[in-house]
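A.B. asks: With my numbering applied, the sequence shown covers 186 to 300.
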Amino acid sequence: MLRNDEITKKICDRLKRDYLHLAFKKSGSRVVEKCIEASEYGLDSVIESLLSSEKSLVLLARNRFGNYVIQTALQIAKVSNTKHYESLVTILMAQRMTLSHTKVGKLVLNYVEDL
């Protein structure tokens, strides 16, 4: 994995406006996950984008590819950025009923509960 903060920042800045769009697609979701995993800046950048639209966050949590982005963000944020982790969990748990209506949404809820 690339561990050059300057290059990671440039990549994340380029993708910032497209995170949500990318996260709904198979290969795009992997790109967003890699941004999350690459650095603290990448984590902050992606989570701020996710938190900017509660509706999109919930749709992503119910998406067969996007749910992996949510799970990766939760996993890493729990360890390195408690504020972002708590914000994600608060929104997801507030939407528990909506998420529980789909198989993928249930997976995300179970993931939150298991962390």
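C-beta: ideal position from N, C-alpha, C; glycine also.
#1: Is L228 closer than 8 angstroms to G266 when the C-beta atoms are compared?
#2: For Y204, I'd like the list of residues in its chain whose CB is within less than 6 angstroms of its CB, leaving aside the five on either flank, ordered along the chain.
#3: Could you tell me the distance, in whole angstroms, from the CA atom of E298 to the CA atom of R247?
#4: Counting C-beta neighbours from all protein chains within 10 Å, is the total for T275 16 or more, i.e. buried, or is it exposed?
#5: Are Q256 and V289 closer than 8 angstroms when you measure CB to CB?
#6: Closest to R281 by C-alpha separation, out of L300, V243, K263, V264, would be which residue?
#7: Could you check where the alpha helix (DSSP H) with D198 kicks off and where it finishes?
#8: Taking 8 angstroms as the cut-off, decide whether the C-beta atoms of L300 and K291 are in contact.
#9: Within 10 angstroms of its Cβ, does A223 collect 16 or more other Cβ (buried), or is it exposed?
C.D. replies: So, from the data block:
#1: As a working note, residue 266 is residue 81 in the sequence shown. As a working note, residue 228 is residue 43 in the sequence shown. Looking at the sequence itself, residue 266 is Asn, so the reference to Gly does not match. A contact, by the Cβ cut-off of 8 angstroms.
#2: The residue given as residue 204 occupies position 19 in the sequence shown. Cβ within range, chain order: V217, V231, S234.
#3: The residue given as residue 298 occupies position 113 in the sequence shown. The residue given as residue 247 occupies position 62 in the sequence shown. C-alpha separation (whole angstroms): 16 angstroms.
#4: Here residue 275 refers to the residue found at position 90 of the sequence shown. It is exposed - the Cβ of T275 has fewer than 16 other Cβ atoms within 10 Å.
#5: Position 71 of the sequence shown, counting from 1, holds the residue named residue 256. Position 104 of the sequence shown, counting from 1, holds the residue named residue 289. Their beta carbons are not under 8 angstroms apart, which means Q256 does not touch V289 by this criterion.
#6: The count along the sequence shown starts at 1 and reaches residue 281 at position 96. Here the closest residue by C-alpha is V243.
#7: On the sequence shown, position 13 is the one that residue 198 refers to. Taken as a continuous stretch (DSSP letters only), the alpha helix (DSSP H) holding D198 covers 190-200.
#8: The residue labelled residue 300 in the question sits at position 115 within the sequence shown. The residue labelled residue 291 in the question sits at position 106 within the sequence shown. No, the Cβ-Cβ distance between L300 and K291 is not below 8 angstroms.
#9: Residue 223 sits at position 38 when you count from the first residue of the sequence shown. Buried, by the Cβ-count rule.
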